[in-house]
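First residue of the sequence shown: 0, per numbering that gives the first Met the number 0; consecutive thereafter.
Cβ atoms here follow ideal geometry from the backbone N, Cα and C, with glycine treated the same way.
None of these values were measured; they are calculated from a predicted model.
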Amino acid sequence: MNPKRLFRQVHYWLSLAVFVPAAIMFGAGGFLMLKKEIEWIQPGTARGVAEAQLPQASFDQMLAAARQHPEAGIEEWSDIDRIDLRVDRGMAKLRAKSGWEVQVDSKTAEVLKVAYRRSDLIETIHDGSFFADWVKLYIFLPTGILLIIMWGTGGYLFLLPRMVKARKKREKRTA
Numbered sequence: 000m001n002p003k004r005l006f007r008q009v010h011y012w013l014s015l016a017v018f019v020p021a022a023i024m025f026g027a028g029g030f031l032m033l034k035k036e037i038e039w040i041q042p043g044t045a046r047g048v049a050e051a052q053l054p055q056a057s058f059d060q061m062l063a064a065a066r067q068h069p070e071a072g073i074e075e076w077s078d079i080d081r082i083d084l085r086v087d088r089g090m091a092k093l094r095a096k097s098g099w100e101v102q103v104d105s106k107t108a109e110v111l112k113v114a115y116r117r118s119d120l121i122e123t124i125h126d127g128s129f130f131a132d133w134v135k136l137y138i139f140l141p142t143g144i145l146l147i148i149m150w151g152t153g154g155y156l157f158l159l160p161r162m163v164k165a166r167k168k169r170e171k172r173t174a
């Protein structure tokens with residue numbers, strides 16, 4: 000079997016194997032590329048009163064401020080997934096396990112913004128862990144590897160006619 004036919008067959012069958020997982024990855028990846036531009040995907044970062052200073056409000060004050068917004072589902076420390084302290088903006092993001100984010104001024108402990116954060120969910124869809132941990136490892140990872148192979152075979156199939164044409168042109172000149 001010549002390489003052109005082999006690569007065409009490999010490219011053809013791999014495209015069927017990666018069709019659905021790659022479509023999910025591409026769609027979610029597109030949303031992730033726009034997460035800083037579209038507030039619906041990831042809330043923009045507000046600015047606090049005192050920028051570029053260490054926080055004056057305690058974490059307990061920030062927790063108390065976050066409790067004032069029941070939609071975030073924050074009642075106690077165990078409801079918080081992580082705290083993202085932005086010293087340069089004078090604020091802290093309290094990210095709840097529920098997917099909500101409460102942005103609190105790090106000086107006054109006033110709530111600056113409360114919004115649902117979809118980017119984390121989109122990330123889990125993009126890497127496959129949304130479906131199950133084994134999907135990430137045994138479906139999405141091989142899909143990525145197969146896409147690299149398809150990139151190579153596609154590049155070969157794209158360049159082959161040009162290389163043949165150039166070779167024939169060289170042979171014609173020397174003959």
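Of the candidates Gly98, Gln67, Pro69, Gly98 places its Cα closest to the Cα of Ile82. Between Met61 and Ala21, the gap from beta carbon to beta carbon reaches 7 Å or more. A contact between stretches requires three or more CB pairs, one per stretch, nearer than 8 Å, and the segment 131–145 fails this requirement with the segment 36–47. Going by DSSP, Ala22 is part of the alpha helix (DSSP H) stretching over 2–32.
Around the C-beta of Ile37, fewer than 16 other C-beta atoms lie within 10 Å, and the residue is accordingly described as exposed. Listed in chain order, the non-local C-beta contacts of Ile138 below 7 Å within the same chain comprise Pro20, Gly127, local neighbours out to five positions each way being set aside. From the listed residues Arg85, Arg88, Ile79, the smallest Cα separation to Arg94 is found for Ile79.
DSSP, reduced to helix, strand and coil, places Leu145 within a helical segment of the structure shown. Taking 8 Å as the upper bound for CB-CB distance, Leu159 and Leu13 are not in contact here, some 18 Å apart. Put simply, of Ile148, Leu33, Arg4, Leu111 the residue whose alpha carbon is nearest the alpha carbon of Gln67 is Leu111.
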